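Here is the structure we will look at, set down as structure tokens.
Number of protein chains: 2
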Amino acid sequence: DISIRDYQTSHRTIQLPGLVNIAAFVPGLVSRDSDDLQRATKASIAAGFSMIRVMPVSKGGSISDVKSLKVAQQNGKRGAYCDFNLSIAATSDNAHQISHAAGEVGSLFIPFNHLSDNISKVAQVEAHFDAWPTHKPIITDARTTDLASILLLASLHNRRIHVTAVTTKDDIKLIALGKEKGLKVTCDVSIYSLHLSQKDFPGCQFLPTEEDQAALWEYLETIDVFSVGSLPYQLAHFLKKPTDVTVGIADALPLILTSVADGKLTVEDVRVRLHDNPIRIFELHEQLGASLEVEIDRPYTLEATESWSPFTGKTLKATVQRVTFQDETVCLDGTMLSVSPRGTDMSTHGALPPTAVVSTPAVRPVTQPMS
Amino acid sequence: DISIRDYQTSHRTIQLPGLVNIAAFVPGLVSRDSDDLQRATKASIAAGFSMIRVMPVSKGGSISDVKSLKVAQQNGKRGAYCDFNLSIAATSDNAHQISHAAGEVGSLFIPFNHLSDNISKVAQVEAHFDAWPTHKPIITDARTTDLASILLLASLHNRRIHVTAVTTKDDIKLIALGKEKGLKVTCDVSIYSLHLSQKDFPGCQFLPTEEDQAALWEYLETIDVFSVGSLPYQLAHFLKKPTDVTVGIADALPLILTSVADGKLTVEDVRVRLHDNPIRIFELHEQLGASLEVEIDRPYTLEATESWSPFTGKTLKATVQRVTFQDETVCLDGTMLSVSPRGTDMSTHGALPPTAVVSTPAVRPVTQPMS
Ligand SMILES: [Zn+2]
Ligand SMILES: [Zn+2]
Ligand SMILES: [Zn+2]
Ligand SMILES: [Zn+2]
Ligand SMILES: [Zn+2]
Ligand SMILES: [Zn+2]
Ligand SMILES: [Zn+2]
Ligand SMILES: [Zn+2]
Chain A
3 DISIRDYQTS
13 HRTIQLPGLV
23 NIAAFVPGLV
33 SRDSDDLQRA
43 TKASIAAGFS
53 MIRVMPVSKG
63 GSISDVKSLK
73 VAQQNGKRGA
83 YCDFNLSIAA
93 TSDNAHQISH
103 AAGEVGSLFI
113 PFNHLSDNIS
123 KVAQVEAHFD
133 AWPTHKPIIT
143 DARTTDLASI
153 LLLASLHNRR
163 IHVTAVTTKD
173 DIKLIALGKE
183 KGLKVTCDVS
193 IYSLHLSQKD
203 FPGCQFLPTE
213 EDQAALWEYL
223 ETIDVFSVGS
233 LPYQLAHFLK
243 KPTDVTVGIA
253 DALPLILTSV
263 ADGKLTVEDV
273 RVRLHDNPIR
283 IFELHEQLGA
293 SLEVEIDRPY
303 TLEATESWSP
313 FTGKTLKATV
323 QRVTFQDETV
333 CLDGTMLSVS
343 PRGTDMSTHG
353 ALPPTAVVST
363 PAVRPVTQPM
373 S
Chain B
3 DISIRDYQTS
13 HRTIQLPGLV
23 NIAAFVPGLV
33 SRDSDDLQRA
43 TKASIAAGFS
53 MIRVMPVSKG
63 GSISDVKSLK
73 VAQQNGKRGA
83 YCDFNLSIAA
93 TSDNAHQISH
103 AAGEVGSLFI
113 PFNHLSDNIS
123 KVAQVEAHFD
133 AWPTHKPIIT
143 DARTTDLASI
153 LLLASLHNRR
163 IHVTAVTTKD
173 DIKLIALGKE
183 KGLKVTCDVS
193 IYSLHLSQKD
203 FPGCQFLPTE
213 EDQAALWEYL
223 ETIDVFSVGS
233 LPYQLAHFLK
243 KPTDVTVGIA
253 DALPLILTSV
263 ADGKLTVEDV
273 RVRLHDNPIR
283 IFELHEQLGA
293 SLEVEIDRPY
303 TLEATESWSP
313 FTGKTLKATV
323 QRVTFQDETV
333 CLDGTMLSVS
343 PRGTDMSTHG
353 ALPPTAVVST
363 PAVRPVTQPM
373 S
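Chains A and B, in that order, give the protein sequences. Sequential numbering from 3 applies to the first sequence in the numbering used here. Sequential numbering from 3 applies to the second sequence in the numbering used here.
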């Protein structure tokens, strides 16, 4: 490939621990017999994510009760290529039901901007705060005044809350203010939001404006986590491109590490936001035997693949060279090796109150290879 | 009057200190050469209110800068029959200007539901919090998620905030929750909201629903202040009745004291919410020589007056018999005596930081009788 050689410069290879995508969007999550979850794990491990937290909202509905949770769990039993955990979504009237599912999911998601049946009233959110176990994480995609509302409730209940997919200057500033004043709030920003704006795709309201994007970079210290999220899927849908569970996953690391190559971030900034903080905030298990090797500083032009990307044809400066999962190399130079799916549904990890937490190996169930 | 004698029962006469209407709506407040402010003070003193806090939003615009403040002050110089103070309204871009007017007004009003140019963004409200002197009161009419937003900002800035004209179950519950958790929040409910609902006037969205009204009564302990507010004016407008600055003022005390006669409130409940709490919350001067005598328990049918009332023809059980202002009787059995306007613009009272407050007589300027 001539174009690669032309741009070749000195480069460095870096080791990272297995990374976490804290917001994986799986369109067919609650559709019976969907292989979307399996495909999401396969694309994720190839991209360097050894753990994904699956958003409970999907194209075909949400995980919002025991029944829909069962469907997602069943889809998970097809076999996963990385570890994953499931969450449950709050609806306007499922505050009671979620308390029954709490033990089987990793967190409660309170949606304000996803699909139907969003939470609209403070009183409804209040009911969910009261119903949800105090030690378990709560995540929301609330914006502007909705964000302020839920931060108030979190503050009044002395609860931790994680705000996902922040895109605006106002919201990141409010979160920064909250942190400064002692609120237990954390947040993530989609990697796409750091690299694409409404200037690139006019009319795309879910992308930050140029000004918003500049503010996100300015408030880097306020951003606890980088995520993939549903933004790549939304963008594909908006542009009438093929929407697929894999959209955006492979772009994540090359994009964020290109920012490292460009001097906008350090490797440490990335490791903290894709490994350390996700594990701490969401009380995830430590994945021994999961690691990756990335190469930074060698520019190349992104070529089209089966999975649509808005970055095709653009110059990137980082690649994932090797991914190791459970001490076995599963992906080399972007090519998935022939391995069986050995990922585990880790949803119940951390389900017990902190005082009763058992060590990780003891709670890890036997993995189910796909039959 | 035969109908009065028919219903006559034992009754009691009660002494009250001069009362405070913390939210007087004056339509012509910032209209040049309007006598609305004077007429509001006249109707107020006759109704037992020796002090009114004038809302800075009006039919013809808001007090939102030094210029509009000057117009209102000029209107105040026509002579007032009770004491009053003025406030300033936040707009989306006057955070800086209000800091210049802070010394000349009693409080900052942050409107979300009045007229044009409401505050819509958390960042705008944030700017006002930062620009407003920390010791001076802030009032808002925010509802639902807007209310939650502003409570969050008040909490993060450790500021007191007063919520005016609460009408819904959700809002009063949120305020109760806030108080329980230590937020410095106070609130008032319009006396009309306690006695009229959407059942009485279908489609009247600014009135509470029946369920909301029941909740307001249930949360009586959460209600710090009873107010007149703009609700009577809004109702008159909605029903296409004559809208006048006096609407609702004369109804206030007979209505709330009828609830005393009906055993739903004690006299103490009323005194605390129309005198003690308003003075404490808004750091008002103590009005020595202001008092009133009310009669409770003698039922009568409210007759029509020049000022429209939705209660005309209804049975009430309390009347204001005598109002004393500056140690002089100014109103007897509902008839205003021929007195000169001796009320004072008290807007600058309390403008100095707490440590420098001078005793009330020393800062009370010489009153200006109307020429
Ligand atoms: Zn190399
Ligand atoms: Zn149950
Ligand atoms: Zn609660
Ligand atoms: Zn690790
Ligand atoms: Zn009598
Ligand atoms: Zn200035
Ligand atoms: Zn501030
Ligand atoms: Zn007093």
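We put the CB at the ideal spot given by N, CA and C, even for glycine. Since this is a predicted model, take the numbers as computed values, not measurements.
A direct Cα-to-Cα measurement between Lys243 (chain B) and Leu255 (chain B) gives close to 22 Å. Here the alpha carbons of Pro343 (chain B) and Thr303 (chain B) stand approximately 31 Å from one another. For chain B, the residues of the region 155–166 of chain A that bring a beta carbon within less than 9 Å of one of its beta carbons are Leu155, Ser157, Leu158, His159, Asn160, in chain order. In the DSSP assignment, Phe131 (chain A) falls within the unbroken alpha helix (DSSP H) covering 124–133. When DSSP states are grouped into helix, strand and coil, Tyr221 (chain A) belongs to the coil group.
Pairwise C-beta distances place the region 293–308 of chain A in contact with the region 320–332 of chain A, as three or more of them are shorter than 8 Å. In the DSSP assignment, Phe208 (chain B) is bridged to no other residue.
Under the 8 Å Cβ criterion, the region 260–278 of chain A counts as touching the region 313–322 of chain A, having at least three qualifying pairs. For Glu295 (chain A), no alpha helix (DSSP H) run applies; the uninterrupted beta strand (DSSP E) run containing it begins and ends at 293–303, by DSSP.
Pairwise C-beta distances place the region 101–109 of chain B out of contact with the region 41–51 of chain B, as fewer than three of them are shorter than 8 Å. Note that the C-beta distance between Ala82 (chain A) and Leu31 (chain A) is not below 8 Å. Listed by position along chain A, the residues whose Cβ is nearer than 8 Å to that of Gly105 (chain B) form an empty set, because the closest Cβ is around 27 Å away.
Contact with chain B is absent for Asp335 (chain A), since none of that chain's Cβ atoms lies less than 8 Å from the residue's Cβ. Of all residues in the region 174–202 of chain B, only Lys175, Leu176, Leu179, Gly180, Lys183 place a beta-carbon less than 7 Å from a beta-carbon of chain A.
For His98 (chain A), there is no enclosing beta strand (DSSP E); the enclosing alpha helix (DSSP H) has its first and last residue at 97–103. The shortest C-alpha to C-alpha distance from Pro19 (chain B) to any of B:Thr142, B:Pro135, B:Leu158, B:Val274 is the one to B:Val274. Shown here, Leu21 (chain B) sits in a strand according to DSSP, grouped into three states. Using a Cβ-Cβ cut-off of 7 Å, Thr307 (chain B) is close to nothing in chain A; its nearest Cβ partner there is about 41 Å away. Spatial neighbours of Glu297 (chain B) in its own chain (CB-CB distance under 6 Å, excluding positions within 5 residues in sequence) are listed in chain order as His13, Thr15, Thr321, Gln323.
DSSP lists A:Ala26 as the bridge partner or partners of Gly231 (chain A). Within the same chain, and ignoring the five residues on either side of Ser66 (chain A) in sequence, the residues whose Cβ sits closer than 6 Å to its Cβ are Ala91, Thr93, Asn96. Taking 8 Å as the upper bound on Cβ-Cβ separation, chain A lies near no residue of the region 51–71 of chain B. Using a C-beta cut-off of 8 Å, the region 171–186 of chain A makes no contact with the region 189–205 of chain B, since fewer than three inter-stretch Cβ pairs fall below that distance. Along the length of the region 138–187 of chain A, whole alpha helix (DSSP H) runs at least 4 residues long occupy 146–158, 171–182, reported in chain order. Nearest Cα to Asp347 (chain B) within the set B:Thr170, B:Leu21, B:Thr43: B:Thr43.
In chain order, Leu154 make up the part of chain A whose C-beta sits under 7 Å from the C-beta of Leu153 (chain B).
Straight-line measurement puts the Cα of Val325 (chain A) at about 15 Å from the Cα of His277 (chain A).
Judged by DSSP in its simplified three-state form, Thr321 (chain A) adopts strand. Interface flag for Ala320 (chain B) against chain A is unset, since no Cβ pair is found closer than 8 Å. In this structure Val56 (chain A) touches Val28 (chain A) by the C-beta definition: roughly 5 Å separates them, less than 8 Å. In the structure shown, the three-state DSSP call for Phe86 (chain B) is strand. Spatial neighbours of Arg34 (chain B) in its own chain (CB-CB distance under 7 Å, excluding positions within 5 residues in sequence) are listed in chain order as Val73. Taking all protein chains in view, the Cβ of Ser340 (chain A) is surrounded by fewer than 16 other Cβ atoms within 10 Å, so the residue is classified as exposed. For Ser64 (chain A), the three-state secondary structure derived from DSSP is strand. Closer than 8 Å at the C-beta level to chain B, one finds these residues of the region 123–145 of chain A: Lys123, Val124, Ala125, Glu128.
For the C-beta of Thr303 (chain B), not a single chain A residue is nearer than 8 Å; the gap to the nearest is close to 40 Å.
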